[in-house]
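So the structure is just underneath, and the comments pick up after that.
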Amino acid sequence: MIEKPDVKTFCSRLAEKAVSSQALDQSSLERAERAAWQTGSRLDIVLIQLGLLPESEITKELAAFHGIPVATAMNAPSLPVLPEALSAQFVKNRGVLPLRLDGATLHLAIVDPFDQEPAQAVAYLTGHSVVMSAIGRSDFDQLAALLYPEGGGTLSQSSAAEQVGGNDQDIRRLTDLASEAPVVKLANQIVFEAVGSGASDIHIEPKPDELAIRYRIDGHLRKMQSLPPQLRDAITSRIKILAKLNIAERRLPQDGRLTMAIRGIDIDFRVSTVPTLHGESVVLRILDKSQMQLSFEALGFSGEEIKNLRRQLELPNGIFLVTGPTGSGKTTTLYTALKEIHRPGAKLFTVEDPVEYQLAGVNQLQIAPGIGLDFPHALRSILRQDPDIIMIGEIRDQETARIAIQSALTGHLVLSTIHTNGAFETLARLKDMGGEDYLLAATINGVLAQRLTRRLCLHCAEPHKNAGFWEDRVNRELGSHLSSERPRILQARGCSACGDTGYHGRIAISELLEITTARRNLITQKVHEDLFLGPDWQSLYRNGLMKAWAGLTTVEEVMIAARVPLQ
């Protein structure tokens, strides 16, 4: 198939930009080019079909190439525009969607801006001049199905799902809504694009005038789409069906799991629904095993930190704890620790809620409180399995803490997480749970407190505008602890490789409290924190400043994560 020169130019520029920004590797591009040549299709269409590039990104590139805006669901009319001149069949077959009429100008969204014939036909049929905008095929199909339904009706906001009776008619109606092809395609698009963008969570949030779609990327929520509120029930029901939840129950929170194959890789999702004033809020936690890097280096720990961590993990027994708020990477750090210490001659058990990732060679147990299998019950059973190393998902109550201490006293190495603000506060928290000073002194080996900060984009990071001020401040605060390397105090700028945020990925900042012999004695004496830690204590804040000094993150990110006022 001989392509028009404009199409060739666009595809060439698209490929070059995708490879240079690392959104696409060279081998994937070559595979897509072969498929385009064999099928006679355009490269941009093949890239979408193979799931190699998000449709939204290609639509933006198409719009920029033609010098026209991008149309989304936010631009959709509430009713069909000029239905007497433009039938549903014409709109759907020609890939054009009238958005609004401004005087004699008709604003028209078009799937393929390279094909001018549909826009010319619209101008002829309506007698209006046409202004075009680009729209992705998924957005077009979704809006066309909403405005021009097959049966002549509309997706009503007061659908059967509003009647929370849970009868067969309601369930059938919700199932039908969720099974319509445009809804299935839209739900898949939301999930595929989230995975492609490296998001950790998908938030589907009902509001009075929209259904907001937000992705959590590098720890920060970004609004990605705004859908018509009429799609709320259909999208929510589709997700609930995939997660095997009760689609007719909208009064109570529900939790479930689902697995989808994306780009040939099975990806797990943890699904949570919560009823709100305007409908059910849905959150999907993305558990992508292929992107999980179980190495301390990949998590951002420095060489000295890794050396100290490994010294803790080589101890034959005792308790090693990781603490921090939700989303600070505690479980990933413990999984990395298990990978480090796993050996053929050892038996490893984990008790988790839930099991997020499956680890080779590790016996993993998920608790089920509904049948009485809670943390204490599971731990007591595991101790009869003759384990060497035990990982507890979280120490959250007195009984779990007691069993963890007993396990350490009887020769087991116990790894776990606990929710506190810092390493030292962990000891106070365990005392609140009933832990005696002499038992804590005898069993606790170390406590790692950590936070995640955004990693600077390698492509666009630039010298900080106040680099001199920060170099002097960090020098004063850390002094001899700094490396002799030349400081690189940088700031974020933003480019296409990082989605104009200036950041790509995250790294850990941490503080490690090692319980030495001297500190074990101090625990029993209930000394003050200042005496316990000393002036050389490597706190979260100081550890973060060292990584800002090395150009890995920004001082602003460190201060936010360590909760230090920015002065």
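Counted from 1, the sequence shown has number 278 at position 231 by the numbering used here; the numbering is strictly sequential.
Every residue gets a Cβ at the ideal spot worked out from N, C-alpha and C, and that includes glycine.
CA-to-CA distance, residue j to residue i, given in whole angstroms
| i | j | result |
| --- | --- | --- |
| Asp-421 | Leu-299 | 22 Å |
| Pro-253 | Arg-297 | 13 Å |
| Ala-82 | His-113 | 25 Å |
| Cys-504 | Ile-309 | 26 Å |
| Ile-49 | Glu-77 | Because the pLDDT of Ile-49 is 40, which lies under 50, any placement of that residue in the model is unreliable, and the question is left without a value. |
| Ser-59 | Leu-97 | 18 Å |
| Thr-397 | Ile-437 | 6 Å |
| Phe-316 | Val-242 | 11 Å |
| Trp-596 | Ala-156 | 49 Å |
| Thr-571 | Glu-352 | 27 Å |
| Ala-393 | Leu-430 | 14 Å |
| His-511 | Asp-547 | 17 Å |
| Leu-604 | Gln-585 | Per the sequence shown, residue 604 should be read as Glu rather than Leu. Glu-604 and Gln-585: Cα-Cα distance of roughly 18 Å. |
| Ala-207 | Val-178 | Confidence is the limiting factor: at Ala-207 the pLDDT is only 35, short of 50, which leaves the residue's position unreliable and the question unanswerable from this model. |
| Gly-526 | Glu-518 | 11 Å |
| Ile-655 | Ala-135 | With the chain covering 48 to 614 only, the question about residue 655 has no answer from this structure. |
| Asn-590 | Glu-483 | 31 Å |
| Ser-538 | Arg-501 | A quick correction: the sequence has Gln, not Ser, at residue 538. Answer to the nearest angstrom: the Cα atoms are 12 Å apart. |
| Pro-255 | Thr-283 | 15 Å |
| Arg-89 | Gly-440 | 49 Å |
| Ile-450 | Thr-601 | 41 Å |
| Ile-418 | Asn-513 | 58 Å |
| Gly-213 | Arg-285 | Model confidence at Gly-213 stands at a pLDDT of 47, short of 50, so the residue's coordinates are unreliable; what they give is reported in the following sentence. About 16 Å. |
| Phe-57 | Gly-552 | 30 Å |
| Ser-74 | Ala-62 | 12 Å |
| Val-611 | Glu-524 | 13 Å |
| Ile-556 | Phe-161 | 49 Å |
| Ser-244 | Lys-270 | 13 Å |
Residue i and residue j closer than 8 Å at C-beta
| i | j | result |
| --- | --- | --- |
| Val-321 | Glu-327 | yes |
| Pro-165 | Gly-142 | yes |
| Ile-554 | Leu-599 | yes |
| Gln-236 | Glu-102 | yes |
| Gln-272 | Ile-260 | yes |
| Thr-373 | Ala-496 | no |
| Arg-540 | Cys-507 | yes |
| Val-158 | Pro-145 | no |
| Leu-334 | Glu-403 | yes |
| Lys-377 | Thr-464 | yes |
| Phe-579 | Arg-566 | yes |
| Ser-248 | Val-330 | Note that residue 248 corresponds to Asp in the displayed sequence, not to Ser. Contact flag set, yes. |
| Arg-427 | Ala-608 | no |
| Ala-290 | Ala-181 | no |
| Asn-364 | Leu-486 | no |
| Leu-406 | Ala-425 | no |
| His-175 | Ala-151 | yes |
| Leu-94 | Ala-70 | no |
| Gly-238 | Ala-281 | Residue identity check: residue 238 is Val in the sequence provided, not Gly. No, the Cβ-Cβ distance between Val-238 and Ala-281 is not below 8 Å. |
| Thr-306 | Ile-314 | yes |
| Leu-395 | Pro-434 | yes |
| Leu-462 | Leu-381 | yes |
| Glu-387 | Leu-362 | no |
Reference residue i; option with closest CA among the options
| i | options | result |
| --- | --- | --- |
| Thr-379 | Leu-109, Asp-280, Gln-340, Leu-305 | Gln-340 |
| His-267 | Ile-562, Ser-557, Val-602, Tyr-550 | Tyr-550 |
| Ser-67 | Ala-384, Ser-543, Leu-580 | Ser-543 |
| Lys-107 | Met-593, Ala-65, Asp-519 | Ala-65 |
| Ala-234 | Lys-287, Leu-460, Thr-173 | Lys-287 |
| Thr-323 | Ile-251, Ala-393, Gly-174, Ser-176 | Ile-251 |
| Leu-194 | Ser-176, Pro-160, Val-238, Pro-130 | Pro-130 |
| Asp-400 | Arg-304, Phe-367, Gly-392, Gly-408 | Arg-304 |
| Gly-311 | Lys-336, His-325, Trp-84 | Lys-336 |
| Leu-592 | Thr-564, Gly-419, Gly-546, Arg-520 | Arg-520 |
| Phe-47 | Asp-149, Thr-173, Phe-161 | Since the first residue of the chain shown is 48 and the last is 614, residue 47 is not available in this structure. |
| Ser-125 | Gln-73, Arg-147, Arg-523 | Arg-147 |
| Ile-366 | Arg-332, Pro-416, Trp-84, Ile-442 | Ile-442 |
| Lys-573 | His-154, Val-494, Glu-509, Lys-478 | Lys-478 |
| Gly-87 | Asn-522, Lys-55, Val-409, Pro-275 | Lys-55 |
| Asp-53 | Ala-132, Asp-149, Gln-85, Gln-163 | Gln-163 |
I'd like the ranges of any beta strand (DSSP E) spanning at least 3 consecutive residues and lying wholly in the stretch 335-416.
If one requires a minimum length of 3 residues, the beta strand (DSSP E) runs lying completely within the stretch 335-416 are 365-370, 395-399, 410-413, in chain order.
Counting Cβ pairs closer than 8 Å, one from the stretch 487-494 and one from the stretch 453-471, do we hit at least three?
yes
Whole alpha helix (DSSP H) elements within the stretch 464-497, 4-residue minimum
Taken in chain order, the whole alpha helix (DSSP H) runs of length 4 or more contained in the stretch 464-497 are 470-479, 484-490.
Evaluate contact between the stretch 104-120 and the stretch 184-194, counting only Cβ atoms and requiring at least three cross-stretch pairs below 8 Å.
yes
Unbroken alpha helix (DSSP H) runs of length 4 or more, entirely within the stretch 528-571: which are they?
Here no run is fully enclosed.
If we count Cβ pairs, one from each stretch, closer than 8 Å, do we get three or more for the stretch 554-573 versus the stretch 464-472?
yes
Are there three or more Cβ pairs, one per stretch, closer than 8 Å when the stretch 444-453 is compared with the stretch 339-358?
no
Inside the stretch 292-322 only - alpha helix (DSSP H) runs reaching at least 4 residues
Those alpha helix (DSSP H) runs which fall completely within the stretch 292-322 and span 4+ residues do not exist here.
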